[in-house]
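Notes follow the structure.
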Amino acid sequence: MRSLLIGFTLIFLAITAPMMVAQKVELSVEVSKTGAKIDRNIFGQFAEHLGHGVYEGIWVGPDSKIPNTRGIRNDVVGALKAIKVPNVRWPGGCFADEYHWRKSIGLQRSVTLNPNWGGVTEANTFGTHEFMDFLDQIGADAYVSVNVGSGTPEEAAEWLEYMTAAAPTTLAKERAANGHPAPYKVALLGIGNESWDCGGNMTPDYYVSQMKIYSRFVRNFNPAQQDKQQMLKIAVGPGGDGPRWTEWTEAIMKAYQQHTWSWDINGLSLHNYTVVKWPPSYKSVGFGEIEYNQILKTTLEMEGLISKHSAIMDKYDPDKKVALVVDEWGGWYAPLPGSNPGFLVQQNSLRDAILAALNLNIFARHADRVRGANIAQMINVLQAMIITDNERMVLTPTYYVFKMYLPFQDATFLPVTFDAGWYTYGDVALPRVDAIAARDANGKLWLEITNLDPNQPVEIEVSLGAITAKSAAGETLTAPEVDSINTFDAPNTVAPKPASAKVLGGKLTLKLEPKSVTVISVEQ
Ligand code: AHR
């Protein structure tokens, strides 16, 4: 019986062996060329008042049994600090255009409703001061979206004065009385959200006139943000690539080209979810290779979308002063069975890690124009970094990608060339490999290589031009299945482990497992 089993095993191995032979790929890093800086703000996060994103995900209240600092949960803060979140976009999303900041400051908070997201009550216990405290605890900048849809320029201007004025105005004194005498910094200001849809269904022309008014009157008074660290104003941008969206980009950029001293914008947002078709119906767990392949194919459309809108921006802004800020992106799948559909609860699998790497690489390749991005959303909503359940917390595969990519924050992009061919499933073909390279502020070289092929390993021979590699080391992220996830009981199913990198006679070789994301540094 035993020898029969051994025999079967050998036959099985003989049949499958050719399938597992690594594809050999030559990849060159153009070390002598220097690209744009990969702005750390492309690793931004998004925290909307939606489901358990803010309440429970961040805010548990000072009386909670969950360990917290002034109501903000310590485990989440620790995890987010470790990925050096550059900025957090808040309070929405669609929520932002129905948010009235006065209802969530001071001792008396109004209880309101959240009609966009499940129609639940909004306790307003997490407001301006709590958000700023949270940012302080994780070390991130504020990206505040003001209410253009149902608010007024006056309301938004007063909010900014409340947050940023150092002079003893009535609003600044009110802020001090509420516990914060020093002015807050607001690094980024979103002028509305999806004003073409949930933000008020405006026409491009109508939005342009609103944008000018908000840009002019919603001022940042923080003395530290007058010359240096000026607040960047982000206009609502397109949400797709059809004529409706190109017209939108044209309208904003044309207005920008003709702008006078009295108003300005520094960024144009772009929203693009990986969905395949609306309403989102793909499962976030419990899927196979076909759904893996289709979702990744769809996510790669980000490249064309950015190229298209960048080309329009180039016409009106050839010096690339206005950044393209992809401030909502990520996989959007069917809600998990049993969850409130308005809470956008989904799982986060190895597929999402690969999806995240592909998008971050696209942003890096467009680093001259894409200088900000915010994955949707940070905790418990859509493609989250973190999932919580009462006192329990688990880090998702996407979290680990953001952690592995830390060296790329503010690094200088270096072009890479390679031809790895295609991985095909059914009639859908995907590039087998994706890669970027960069040099960090200390001159260290970093490489990210994604093997999209879920079945075949890849062996990469890296050529570094005039540079002789002495050693290389790094981490790789993979898992048994394309839909492997981390759970509270098994939190390390998809977690980074040491990468297989070898330097022999100055030649660098990397072995990439199927369906993996790898980041390595090279010692020269
Ligand atoms: O992220 C969820 C929602 O998606 C946001 O509120 C909105 O801006 C977008 O449509």
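For this note's numbering, add 6 to where a residue sits in the sequence shown, where the first one is 1. Don't be surprised by glycine CBs; every beta carbon is placed ideally from N, CA and C. Remember, predicted model here, so these are calculated numbers, not experimental data.
Check: Spatial distance of M308 from D459 (CA atoms); Outcome: 20 Å
Check: Between the CA atoms of L364 and R357 - distance to the nearest angstrom; Outcome: 11 Å
Check: Range covered by the beta strand (DSSP E) that runs through L56; Outcome: First-last for L56: undefined, no H or E at that position.
Check: Cut-off 6 Å between Cβ atoms - residues of its own chain near G511, not counting five sequence neighbours on either side; Outcome: none
Check: M208 (DSSP reduced to helix, strand or coil); Outcome: coil
Check: Length-filtered (4 minimum) alpha helix (DSSP H) runs lying within the region 367–451; Outcome: 403–410
Check: Where the alpha helix (DSSP H) through A478 begins and ends; Outcome: No alpha helix (DSSP H) contains A478, which is instead part of the beta strand (DSSP E) from S477 to L483.
Check: Neighbourhood of F18 by C-beta distance below 6 Å, restricted to the same chain and skipping five residues each side; Outcome: Residue confidence is low: F18 scores 46 on pLDDT, short of 50, so the model does not pin down where it sits. No coordinate-derived value is stated.
Check: V528 versus E253: straight-line alpha-carbon distance, rounded; Outcome: 45 Å
Check: E167, enclosing beta strand (DSSP E) - first and last residue; Outcome: No beta strand (DSSP E) holds E167; the alpha helix (DSSP H) holding it covers P159 to T170.
Check: Per DSSP, the bridge partner or partners of A148; Outcome: V94
Check: Any beta strand (DSSP E) of 3 or more consecutive residues that is wholly inside the region 264–306; Outcome: 273–280
Check: Closer than 6 Å: A382 CB and nearest the ligand AHR heavy atom; Outcome: yes
Check: Cα-Cα separation, F494 to M399; Outcome: 7 Å
Check: Three-pair Cβ contact test at 8 Å for the region 62–77 versus the region 101–116; Outcome: no
Check: Given 8 Å, three or more beta-carbon pairs between the region 95–104 and the region 150–160; Outcome: yes
Check: Check: G552 C-beta below 6 Å from any heavy atom of the ligand AHR; Outcome: This structure does not reach residue 552, given that the chain is present from 7 up to 530, and the question cannot be answered.
Check: Option nearest E32 by Cα separation, candidates E295, D425 and E454; Outcome: D425
Check: DSSP three-state assignment for Q115, whether helix, strand or coil; Outcome: Rather than Gln, the amino acid found at residue 115 in this sequence is Arg. Residue state, collapsed to three classes: coil.
Check: S316 burial status per 10 Å Cβ neighbour count (16 or more: buried); Outcome: buried
Check: E104 CB to nearest heavy atom of the ligand AHR below 6 Å; Outcome: no
Check: Distance CB(D333)-CB(S275) smaller than 7 Å; Outcome: yes
Check: Proximity test, E128 beta-carbon vs the ligand AHR heavy atom, cut-off 6 Å; Outcome: no
Check: Distance between beta carbons of P97 and E54, contact taken as under 8 Å; Outcome: 7 Å
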